[in-house]
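As structure tokens, the structure follows; a few thoughts come after it.
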Amino acid sequence: MQILLELGPLGLVIFLCFVFIICKRLAHLMLQRTPDFSAYKIEAFALLTTCVGILVHTFFTFHLYQLTIQIIWGYYLGRAARNMTLALVTPEKSAPQNLTGKATWLYREFNTIVILLIISFGVSFYYTDKAANTENQQQALEYHRISGIFFPLVERYEFFSAQDMAAELGNPEYKQSAFKRQEIAKLALSRSDIAINKMPANAEIYHTKAEIIQAMQGNVSKISELYEKSLQLDPYQFKVRDEYARFLTINKQYKKALSVLWGAWGLLNNAFYQNGIMFLSFQLRLNRVYGAPKDNLIIMQEIQRLSKLRKTRMSAGKYVFSRPATC
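Residue numbering for the sequence shown follows our numbering, beginning at 11 and increasing consecutively.
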């Protein structure tokens, strides 16, 4: 029904004629048992199989307005027709031996894989589109599950979308419009909730959702809960720890902020030494006011150790914040 609405009755007839012509030519080429499998026929096969793949992709996604794809499709169809004609009327020597046998088989296999991938992507995005247009949340999740079977990376679509919208909330253009910010935040939270349902063990999603709520000055306890969940799933997120500690400091939860920062000690960090120094510098400033005085020296020693390892601001490596054995 969708393809009929987009093409119209006459367009549908023309479309089906093209499909029939292509399939007929492809079948003729594949079933032809002649010893001289010429270079013309090899190229015709490649072009026709690509045409079939593009048609299948177009059918499943209904992106018939994509003029570029249609131009490529028409060009390949014309080239295939030309090569088929030349192969029939022009006397030509058979292709060299290295283009036949195993090489030809590998060439066909490659084209088959390309067609299967195009079909797989088409089916995946078809179900993704259905999920986006379904109001029933449970049904949308089922569509997303099916979509992920055909194209696993699409599982992260909502997550990437939520991250982009979280970044948009910091755009100065939207700070002037409270209504616009609310709309973006609402959509971003919806996407992050879908992502959490699809990938509940992904720590980054909870961090992204916390950033969205924080940007809208939402509930402090809810934001803390999301940060805690993110760090519980992946305690090695030093940047998230630093961000969470600063959030707690703003909300005057100094002891808890220090606890979050101390939680990074003993964990392996693979990053710039400068990042580690900045992390410890913030911890030192906080500890001098709200922490135990004896811990100041420990933090300072770690800062000095990392400073010696850092040859330039871009120096990176693996390091662990470690306390002396007596502590």
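Note that beta-carbon positions come from the ideal geometry of N, C-alpha and C, so glycine has one too.
Sequence-distant residues of the same chain with beta carbon closer than 6 Å to asparagine 237, five excluded per side: Note that residue 237 corresponds to tyrosine in the displayed sequence, not to asparagine. The residues are Ala220 and Tyr254.
Reduced DSSP secondary structure (H/G/I, E/B, other) of lysine 262: coil
Helix, strand or coil at leucine 77 [DSSP, three-state]: Because the pLDDT at leucine 77 is just 46, under 50, the model does not fix this residue reliably, and the point stays unresolved.
Where glycine 327 sits in the DSSP three-state scheme: strand
Sub-8 Å separation of histidine 217 and valine 250 beta-carbons: yes
Residue environment, tyrosine 300, which counts as buried when at least 16 other CB atoms sit within 10 Å: exposed
Start and end residues, beta strand (DSSP E) containing asparagine 207: From DSSP, asparagine 207 is part of no beta strand (DSSP E) but of the alpha helix (DSSP H) over 188 to 208.
Backbone CA spacing between glutamine 149 and alanine 142 [nearest angstrom]: 10 Å
Test item: CB-CB of arginine 191 and serine 171 under 8 Å: no
Beta-carbon gap between alanine 326 and tyrosine 283 smaller than 8 Å: Yes, Cβ-Cβ distance for alanine 326 and tyrosine 283 is below 8 Å.
Beta-bridge pairing of alanine 255 - partner residues as DSSP gives them: DSSP lists no partner for alanine 255.
Whole-angstrom distance between isoleucine 129 and alanine 198, CA atom to CA atom: 30 Å
Distance cut-off 7 Å: lysine 208 Cβ against heavy atoms of the ligand ATP: As for the ligand ATP, it is missing from this structure, which has no ligand bound.
Opening and closing residue of the alpha helix (DSSP H) in which proline 179 lies: The sequence given here has leucine at residue 179, not proline. First-last for leucine 179: undefined, no H or E at that position.
Cα-Cα separation between serine 332 and leucine 307, rounded to whole angstroms: 12 Å
Top-ranked residue by Cα proximity to alanine 213, from Phe292, Lys140, Gln247 and Gly228: Gln247
Coil, strand or helix - glutamine 284 by DSSP: Residue state, collapsed to three classes: helix.
Anticipated Cβ contact below 8 Å, tyrosine 137 with isoleucine 125, distance rounded: Contact check for tyrosine 137 and isoleucine 125: beta-carbon distance about 19 Å, past the 8 Å limit, so the pair fails to qualify.
Three-state class that DSSP yields for asparagine 93 in the structure shown: Looking at asparagine 93 - three-state DSSP - the assignment turns out to be helix.
Nearest to asparagine 280 (by Cα), restricted to the options Leu316, Gln311 and Lys262: Comparing C-alpha distances from asparagine 280 to each of Leu316, Gln311 and Lys262 shows the shortest one belongs to Leu316.
Closer than 8 Å to chain D by CB, isoleucine 313: Going by chain labels, chain D is absent from the structure shown, which holds only one protein chain.
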